[in-house]
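The sequence shown begins at 1009 in my numbering and counts up by one.
Note that beta-carbon positions come from the ideal geometry of N, C-alpha and C, so glycine has one too.
Computed from a predicted structure; not experimentally measured.
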Amino acid sequence: MANEKADALRITRRDEDYSRWYLDIVERAKLAEDSNVRGCMIIRPEGYAIWENMQLILDKMFKDTDHVNAYFPLFIPVSFFSKEAQHVSGFAKECAVVTHHRLKLDEDGQIGVDPDAELGEPLVVRPTSETIIWSAYRNWIQSYRDLPILLNQWANICRWEMRTKPFLRTTEFLWQEGHTAHATPEEAEVEAKQMLGVYKTFVEQYLSIPVFAGRKTENEKFPGAEHTYTIETMTQDRRAIQVGTSHNLGTTFSKAFDVTYLAADGTRQYPFATSWGITTRLIGSLIMVHSDDKGFICPPKIAPLQVIGVPIYRKEAEKEKVISCFQQIQKRFKELGAFSFKLDDRENLSPGFKFNDWELKGIPLRLEIGLRDMEKNNAVLVRRDTGEKIIIPQDELESRILELLNEIQDNLFKKAQEFQRQHTYTISTYEEFKNSIENKPGFYIAYFDGSPDDEEKIKEETKATSRCIPLEQEGTMGKCFYTGKSTNQQVIFARAY
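Shown next, in the form of structure tokens:
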């Protein structure tokens, strides 16, 4: 029994098998598990609570920038996609299509599709909502007084992926998608960049994940977009992962759906669109950026549970005193309401098992109190990020816990930022890049002014893609590392998820 319990907490080391390490954390921290539908996951309460916190914080940030929420159908008529060919080409191979609306019990007692229940028009299960939203905007937008529309939707998405991994890439996932309409191209551009800034603030301040903010190259931008902006971060296996995008869609969708408005000067004009989104991939990013060989590490600002209390006792007589002490402390914490706390009073489990269990689940702080601590009116706090043990007087618990939660949040960001800095390189030639990226993966910054075809050749030869054109550029001239042409544009290349 003891061995079974220990095995439930054991995870693969990162340096042995990074992919297996990731999957072990997802499973054993009880964040998610596979479902009976290929490529789809069940998000367990521990994982969904993180997503709920993300929703709460981001939803407020959206509303603070004057956006409102709405909801649109899961099913989209195929004909809507035919109106914007460039857009649909990016999703055509990933679309799930509904063709019938009824099942039928056959003579053998088997359930199958009723051939007489074929739909008049097939329906696509939502891969993204631009088409159905802009078909609605055709009725909503008549005059310049109807603009801007600043709208967000919290929804699920279906993209039929061939290779899946929990949170990082699944057939169904959760996200939010903003869809806005503006009178001028300048307003749309401001909106797209503003929302990228919202994402950057959220990811860095709440998830403690440092990012590069930039614009995608023509080869990597969203289908149908004028510009795509992105925030990219580095995982501990030194690959890139895209954690948020914002798109300036120009008049692509307003023209496709014949959406026009009467301008103040009496002319009819096409409005300009943006869309922007983040997904449950952020939970996978948290794992891959912060976690260690003991398990998940969750930044305090996003953690559903910030402090876990573990009572230390050997005898039944000690138990009652220690639990009573914790209950009094718990009451104090609840009255303060400044952080979340739970007492682990599970029976027949050793303190050591509980320590390992909560470390695996990533709880930022552990509070330990035993009989000896009580005699000295002390308590022990243990940091998940560093393992440091801090002995403090019990009457200082509230203030010290708040300080430590802030310190952990800051330390996780600085640690990830330093790791990213150490594995970001500047290169000048393509040969140097090819020779380096195989044995020294990371972010490679190079002057680049190549074509989409050049990017495809780079991808074929190195398995690396352009991640973004950083918004912050040095402004100096250099030679494109691939073509040798003079340019002032620097681009980040990396292998990516």
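Item                                                                                                                      : Value
Reduced DSSP secondary structure (H/G/I, E/B, other) of residue 1323                                                      : coil
Pair within 9 Å by beta-carbon distance, residue 1099 and residue 1135                                                    : yes
9 Å Cβ cutoff met for residue 1233 and residue 1475                                                                       : no
Limits of the unbroken beta strand (DSSP E) element including residue 1129                                                : 1126-1133
With 16 other Cβ atoms within 10 Å as the buried cut-off, status of residue 1365                                          : buried
Residue 1497: first and last residue of the uninterrupted beta strand (DSSP E) it sits in                                 : Taken as a continuous stretch (DSSP letters only), residue 1497 belongs to no beta strand (DSSP E), as it is neither H nor E.
Exposure of residue 1384, with buried meaning 16 or more beta-carbon neighbours within 10 Å                               : exposed
Beta-carbon spacing of residue 1428, residue 1269 below 9 Å                                                               : no
C-alpha gap between residue 1425 and residue 1240, whole angstroms                                                        : 12 Å
Inter-residue spacing [alpha-carbon to alpha-carbon] between residue 1329 and residue 1354                                : 16 Å
Contact under 9 Å by Cβ, residue 1341 with residue 1412                                                                   : no
Run of the alpha helix (DSSP H) containing residue 1206, from where it starts to where it stops                           : 1193-1214
DSSP bridge partner residues for residue 1253 (one or two, in chain order)                                                : 1238, 1285
Euclidean distance between Cα positions of residue 1225 and residue 1394                                                  : 39 Å
Identity of the residues DSSP links to residue 1300 by a beta bridge                                                      : 1303
Test item: CB-CB of residue 1194 and residue 1283 under 9 Å                                                               : no
Beta-carbon proximity check, residue 1261 vs residue 1318, cutoff 9 Å                                                     : no
CB of residue 1256 within 9 Å of CB of residue 1159, strictly                                                             : no
Beta carbon of residue 1453 nearer than 9 Å to that of residue 1484                                                       : no
Closest Cα partner of residue 1196 within the set 1497, 1279, 1323                                                        : 1279
Limits of the unbroken beta strand (DSSP E) element including residue 1385                                                : It is not in any beta strand (DSSP E) - residue 1385 carries neither H nor E in the DSSP assignment.
Nearest-angstrom Cα separation, counted from residue 1132 out to residue 1109                                             : 13 Å
Nonlocal neighbours in the same chain, by C-beta distance under 8 Å from residue 1463, ignoring five residues either side : 1225, 1227, 1228, 1473, 1474
At least three beta-carbon pairs within less than 8 Å, the stretch 1103-1120 to the stretch 1033-1041                     : no
Start and end residues, beta strand (DSSP E) containing residue 1433                                                      : 1432-1434
Buried versus exposed call for residue 1191 [16 or more other C-beta atoms within 10 Å across all chains shown]           : buried
Beta-carbon proximity list for residue 1164, same chain, < 8 Å, skipping 5 on both sides                                  : 1082, 1134, 1180, 1181, 1182, 1183
Opening and closing residue of the beta strand (DSSP E) in which residue 1221 lies                                        : 1220-1223
Nearest neighbour of residue 1324, chosen from 1211, 1174, 1356, 1145 [CA to CA]                                          : 1356
Beta-carbon proximity list for residue 1467, same chain, < 8 Å, skipping 5 on both sides                                  : 1473
Reference residue 1245; option with closest CA among 1499, 1065, 1500, 1024                                               : 1024
Whether residue 1337 touches residue 1368 by CB criterion (9 Å)                                                           : no
Enclosing beta strand (DSSP E) for residue 1136 [first to last residue]                                                   : Unbroken run through residue 1136: none, as it is neither H nor E.
As assigned by DSSP and simplified to three states, the class of residue 1227                                             : coil
Beta carbon of residue 1214 nearer than 9 Å to that of residue 1307                                                       : yes
DSSP beta-bridge partners of residue 1142                                                                                 : Residue 1142 is not bridged to any residue.
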